[in-house]
Amino acid sequence: MTLGLLPLVVISAAILSRVPGVAAHYRAHTAGISGIEGWIGWIGMWGAAFFAWEFFFRGLLVVGLAQDLGGPAAVALHLVPFTLVHVGKPALEVLLTVPGGLVFGALAFRGRSMLGPFLLHWALGASLDLFVARSVSALPSLASGG
């Protein structure tokens with residue numbers, strides 16, 4: 719199920735990267751990155767951050783609480799803090815945290831693991847940054863060696 723959603727996640731990132739408010743927000747985060755090594759480090763850092771993020775939201779709050787509250791209640795409960803931590807980001811992103819959180823929460827509950835949502839969230843974040851950077855030619859060319 720997780721791998722089947724990967725193309726949708728990447729296509730969503732491509733579309734979101736064209737929304738001016740989203741592009742401006744993420745362009746500011748990646749403005750100082752240069753070279754292949756810089757991008758590998760940036761994407762790796764996001765991997766570590768998303769792992770911790772998903773461990774808390776989907777691992778502890780969904781999988782952990784589902785044992786006591788049941789899956790639907792745990793998924794619904796985790797949406798509150800998950801949405802709140804997105805406040806301050808572009809409005810469209812905040813709105814999309816509800817359906818996205820439902821999907822990621824359901825995946826975590828059904829699979830009893832936060833690994834699927836982690837991979838999808840990391841792919842979303844990394845591809846969004848790369849699409850935004852590519853739109854302003856901030857990515858180094860692989861042919862030129864960086």
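Remember, the numbering used here sits 718 above the position in the sequence shown when you count from 1. Even for Gly, the Cβ is constructed at its ideal location relative to N, Cα and C. From a predicted model like this one, the values you see are computed outputs, not experimental measurements.
Handout entry: Residue range of the alpha helix (DSSP H) that includes Ala851
Key = For the purposes of this step, residue 851 is taken as the residue at position 133 of the sequence shown. Here the alpha helix (DSSP H) through Ala851 covers Leu833 to Ser853.
Exercise for the section: Compute the distance between the beta-carbons of Val798 and Phe827, then report whether it is under 8 Å. Expected result: Here residue 798 is taken as the residue at index 80 of the sequence shown, counted from 1. Here residue 827 is taken as the residue at index 109 of the sequence shown, counted from 1. Result no, Cβ atoms of Val798 and Phe827 do not sit closer than 8 Å.
Handout entry: Cβ contact check for the stretch 834 to 853 and the stretch 736 to 747: 3 or more pairs under 8 Å
Key = yes
Practice task
Answer with buried or exposed for Ser845, where buried requires no fewer than 16 other C-beta atoms within 10 angstroms of its C-beta.
Solution key: Locating residue 845 in the sequence shown gives position 127, where the first residue counts as 1. Burial call: buried.
Exercise for the section: Tell me whether Val805 sits in a helix, a strand or coil according to DSSP, three-state version. Expected result: Sequence index remark: in the sequence shown, residue 805 carries index 87 (1-based). Residue state, collapsed to three classes: strand.
Practice task
Output the boundary residues of the alpha helix (DSSP H) element that contains Phe768.
Solution key: Here residue 768 refers to the residue found at position 50 of the sequence shown. Residues Gly753 to Glu772.
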